[in-house]
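Novice: Sharing a structure, written as structure tokens. Questions coming.
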Amino acid sequence: MARKISFKEAINEALDQEMTRDPTVILMGEDIVGGSGSPGEDDAWGGVLGVTKGLYAKHGDRLMDTPLSESAYIGSAVGAATCGLRPVAELMFLDFLGVCFDQIFNQAAKFRYMFGGKAETPVTIRAMVGAGFRAAAQHSQMLTPIVTHIPGLKVVCPSNAYDAKGLLIQSIRDNDPVIFCEHKSLYAHEVDVPEESYAIPFGEANVVREGGDVTIVAYGLMVHRASEAAAVLAKDGIECEIIDLRTLSPIDTETIIESVENTGRLVCVDEANPRCSIASDVSAMVSQEAFSSLKAAPRIVAAPHTPVPFSPALEDLYIPSAERVVDAVRKTMEP
Amino acid sequence: MDDTSITPLLMPKWGLSMQEGILVEWLVEDGAEISVGDEIMEVETDKIASAVEAADAGTLRRRLGEIGETYPVRALLGVLAPEDVSDADIDAYISSYEVPVDEEGDNAAAASQYAFVDIDSGRLRYAQCGDDGPAVILVHGFGGDLDNWLFNIDALADRARVYALDLPGHGQSGKTIADPGLGGLARVLQAFMLAVGVERAHLVGHSMGAAVAARLACDAPNQVLSLTLISAAGLGSEINADYISGFVDAQSRRELKPVLMNLFADSSLVNRSLVDDMLKFKRIDGVDDALRQLASSLFAGGKQQNLLAAQIADLDLDTLVIWGMEDLVIPAAHAQNVDTARVEIIDGAGHMVQMEQAARVNELILDHILG
Chain X
5 MARKISFKEA INEALDQEMT RDPTVILMGE DIVGGSGSPG EDDAWGGVLG
55 VTKGLYAKHG DRLMDTPLSE SAYIGSAVGA ATCGLRPVAE LMFLDFLGVC
105 FDQIFNQAAK FRYMFGGKAE TPVTIRAMVG AGFRAAAQHS QMLTPIVTHI
155 PGLKVVCPSN AYDAKGLLIQ SIRDNDPVIF CEHKSLYAHE VDVPEESYAI
205 PFGEANVVRE GGDVTIVAYG LMVHRASEAA AVLAKDGIEC EIIDLRTLSP
255 IDTETIIESV ENTGRLVCVD EANPRCSIAS DVSAMVSQEA FSSLKAAPRI
305 VAAPHTPVPF SPALEDLYIP SAERVVDAVR KTMEP
Chain D
723 MDDTSITPLL MPKWGLSMQE GILVEWLVED GAEISVGDEI MEVETDKIAS
773 AVEAADAGTL RRRLGEIGET YPVRALLGVL APEDVSDADI DAYISSYEVP
823 VDEEGDNAAA ASQYAFVDID SGRLRYAQCG DDGPAVILVH GFGGDLDNWL
873 FNIDALADRA RVYALDLPGH GQSGKTIADP GLGGLARVLQ AFMLAVGVER
923 AHLVGHSMGA AVAARLACDA PNQVLSLTLI SAAGLGSEIN ADYISGFVDA
973 QSRRELKPVL MNLFADSSLV NRSLVDDMLK FKRIDGVDDA LRQLASSLFA
1023 GGKQQNLLAA QIADLDLDTL VIWGMEDLVI PAAHAQNVDT ARVEIIDGAG
1073 HMVQMEQAAR VNELILDHIL G
């Protein structure tokens, strides 16, 4: 039975259902239980924003509050994965990648290759991404391009609760390391989500809106900005096709190319910094694979090449807006 | 203002979950003379796009709905009235029109019409509409669910007590199938009737659901008042094996869409929402297994394994067979295989004839069950 639940509730439900289904699924992270070992309520917090709240009461010691040492617990999660568990480690903010990156990119991502396909590392690393939370430069970045760059990692960044649940379940069941990026500004966003478990395959983009004039490729929060832009443009008779990538690695090039072959125009919207981003990657790929279909140069709408500012006014300017997407689409339509 | 000569044109309500729709296109001009059954506008919902047929006749005095706008169910989109009704009266009617609101709000009302019942082999979802008249049970086909009847339930419920269920492995019913044979599915239908307190019913089945209904009629003829078999399985051995395997195997929108286009004479009805809904269903844990079990039991080797036409003809039971002329899944020629049945072949419709030519199908069913 489908009912409306939030992105945050969808994550919680996916974790709960997979822990119930598969006893090898464990959760690790800072304060994911919250308050264990101290007097008072056992799972008072359930993570810094309460995403894992209630799971300790149901699954007990399969949730582990870790010390504030990402290098230690991300390393443990990777090791546990190679030894038969399916750990879901919460990195809180993807910005903390720096202190545990060796464990991720030089260990987890490499094992399948370095051991001739004989080693599997079914670890999922959940982390919040994105700006708009007034959390300043070290807790607001969209570092998706950094992890997407590494072969051996799968990278997921859902735009809504339905996709979040199905992609997290797929991440947990997947036998490779998955970086699961959750945009904190989407946590309260609600859509219809089935109560049953379901998995959404990786590498399958979602066509959010069909249109014949311009293809907009986006992921995460930017899908919503693209949708706002498309609604504005539709009033002027410009029909946008919006592709929500859902997974950045693997990426669904077929859907993108097919769409651009039809529209002839491409706008890539990415909350990451513009250099070496998902947007620049998609735009390069389309320029190479569908050049003859293009009627205009692909355009990129991204954050500026600066850290996320703490000033609320500047932070709001920093995040790509629907207006900027509208402008970019109009530029591709110019004769 | 309560002028009964003014007839409103409203955003239709298709199925239980529809709350709003987009007016895609007007198919008639301002001032047009409209007859019952004329296609007057194109509406798209999150489930399907379709033309709206006029339920009343009259002169279209006003087109109020704006193309591309979203309107709640029962919103006023146009006004029919005779020439002698003044513009002022029409203006007054329009300004006094209010969209009726269900008591508990649309959401709660829609949800409360779906119900669940537990039988030995698992949980079944169903919908029940209509309080008076004979019991009618609608049984969907392979890979379908009770929303396949979204253009039929309300129309039939005006004159009958209508039940529509999700078969095991389908819709929001349990995803385990105790017995994937036709007899097993017929027993589920029988158990459903017992659970909802229906002793005897008119059975209306579509495709695989028609075979299930027919099987129950053969196994327990005293429980069946009449049979309506739509694009039915069970009447011949041919079936589009590529459709079945394509449907079962499709994992993505790109794979599924061309498969679903086999279902309709007008393949443009297969829009993004319809494909998305089907994919959402197919991704649920257990569905893949359920569909494979059914396909390998009922359609092994690309042939239908249950041939019931002769048995149905031997029953002393009013039987109506309805088929879409352009059915690409099961040949319309099978309609002729039940010697004793009344047969209606409908032009401009494919396998999902009850959706594509809903008004005609509803009329035939009501005529059949009410005599």
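Quick mapping for you: the protein sequence lines, in order, are chains X and D. Residue 5 is where the first sequence starts when you use the numbering used here, and the numbers rise one by one after that. Residue 723 is where the second sequence starts when you use the numbering used here, and the numbers rise one by one after that. For each residue, glycine too, the CB sits at the ideal point set by N, CA and C. The structure displayed is predicted, hence computed values, not measured ones.
Could you name the residues that DSSP lists as bridge partners for residue 213 of chain X?
Specialist: X:246
Novice: Roughly how many whole angstroms lie between the Cα atoms of residue 111 of chain X and residue 260 of chain X?
Specialist: 32 Å
Novice: Indicate the three-state DSSP secondary structure (helix, strand or coil) for residue 2 of chain X in the structure shown.
Specialist: This structure does not reach residue 2 of chain X, given that chain X is present from 5 up to 339, and the question cannot be answered.
Novice: Starting from the C-beta of residue 989 of chain D, find all residues in its chain whose C-beta is less than 6 Å away, skip the five residues before and the five after it, and write them out in chain order.
Specialist: 983
Novice: So which residues on chain D does residue 204 of chain X lean against when the C-beta distance must stay under 8 Å?
Specialist: Those are 1005, listed as they occur along chain D.
Novice: What separation, rounded to the nearest whole angstrom, lies between the Cα atoms of residue 32 of chain X and residue 310 of chain X?
Specialist: 32 Å
Novice: Counting contacts by CB-CB distance shorter than 8 Å, is residue 976 of chain D in contact with chain X?
Specialist: yes
Novice: Express the C-alpha separation of residue 770 of chain D and residue 956 of chain D in angstroms, rounding to a whole number.
Specialist: 28 Å
Novice: Tell me the rounded alpha-carbon separation between residue 947 of chain D and residue 924 of chain D.
Specialist: 5 Å
Novice: Answer with yes or no whether the minimum CB distance from residue 1015 of chain D to chain X is below 8 Å.
Specialist: no
Novice: When DSSP builds the beta bridges, which residues end up paired with residue 905 of chain D?
Specialist: Paired residues: none, contrary to the question.
Novice: Return the residue from the list D:894, D:945, D:811 and D:893 that minimises the CA-CA distance to residue 909 of chain D.
Specialist: It is D:945.
Novice: Quick one: is residue 216 of chain X near chain D, going by C-beta distance under 8 Å?
Specialist: Residue 216 of chain X does not count as touching chain D.
Novice: Below 8 Å CB to CB, which residues in the same chain sit around residue 267 of chain X once its five sequence neighbours on both sides are set aside?
Specialist: 215, 216, 217, 218, 219 and 245, listed in sequence order.
Novice: Expressed to the nearest angstrom, what Euclidean distance is found between the alpha-carbon atoms of residue 819 of chain D and residue 785 of chain D?
Specialist: 15 Å
Novice: Can you check whether the CB of residue 889 of chain D is closer than 8 Å to the CB of residue 907 of chain D?
Specialist: yes
Novice: Can we say the segment 970-984 of chain D touches the segment 169-179 of chain X, given the rule of at least three CB pairs closer than 8 Å?
Specialist: no
Novice: Give, in chain order, every residue of the segment 185-214 of chain X whose Cβ lies closer than 7 Å to some Cβ of chain D.
Specialist: 198, 200, 201, 202, 203, 204, 205, 208, 211 and 214
Novice: By how many angstroms is the C-alpha of residue 737 of chain D removed from the C-alpha of residue 204 of chain X?
Specialist: Going from the Cα of residue 204 of chain X to the Cα of residue 737 of chain D covers about 27 Å.
Novice: If you draw a straight line from the C-alpha of residue 28 of chain X to the C-alpha of residue 18 of chain X, how long is it?
Specialist: 15 Å
Novice: Using a Cβ-Cβ distance under 8 Å, would residue 973 of chain D count as near chain X?
Specialist: yes
Novice: Answer yes or no: does any C-beta atom of chain D fall closer than 8 Å to that of residue 54 of chain X?
Specialist: no
Novice: Going along chain D, which residues have a C-beta under 8 Å from residue 258 of chain X?
Specialist: 976
Novice: Can you tell me which of the three DSSP states residue 961 of chain D falls into?
Specialist: coil
Novice: For the alpha helix (DSSP H) holding residue 260 of chain X, just list the boundary residues, first then last.
Specialist: 257-267
Novice: Might you give, ordered along the chain, the residues of its own chain that have their beta carbon closer than 6 Å to the beta carbon of residue 57 of chain X, omitting 5 neighbours on each side?
Specialist: 50
Novice: Could you tell me which of X:253, X:86, X:53 and X:65 sits nearest to residue 95 of chain X, measuring between CA atoms?
Specialist: X:53
Novice: Output the boundary residues of the beta strand (DSSP E) element that contains residue 272 of chain X.
Specialist: Residues 270-274.
Novice: Specify the secondary structure class of residue 386 of chain X as computed by DSSP and reduced to three states.
Specialist: There is simply no residue 386 of chain X to check, as chain X begins at 5 and stops at 339 in what is shown.
Novice: With the cut-off set at 8 Å, would you say residue 323 of chain X and residue 306 of chain X are in Cβ contact?
Specialist: no
Novice: Comparing C-alpha positions only, which one of D:1004, D:992, D:756 and D:904 sits nearest to residue 892 of chain D?
Specialist: Taking only the C-alpha atoms, the option nearest residue 892 of chain D is D:1004.
Novice: Strictly under 8 Å for the Cβ-Cβ distance: is residue 170 of chain X near chain D by that measure?
Specialist: yes
Novice: Classify residue 318 of chain X as buried or exposed, calling it buried when 16 or more other Cβ atoms lie within 10 Å of its own Cβ.
Specialist: exposed
Novice: Using a Cβ-Cβ cutoff of 8 Å, what residues of the segment 778-806 of chain D are near chain X? List them in chain order.
Specialist: 790
Novice: Measuring alpha carbon to alpha carbon, tell me which residue in D:848, D:846, D:894 and D:959 is nearest residue 999 of chain D.
Specialist: D:894
Novice: Which of the three DSSP states, helix, strand or coil, is assigned to residue 887 of chain D?
Specialist: strand
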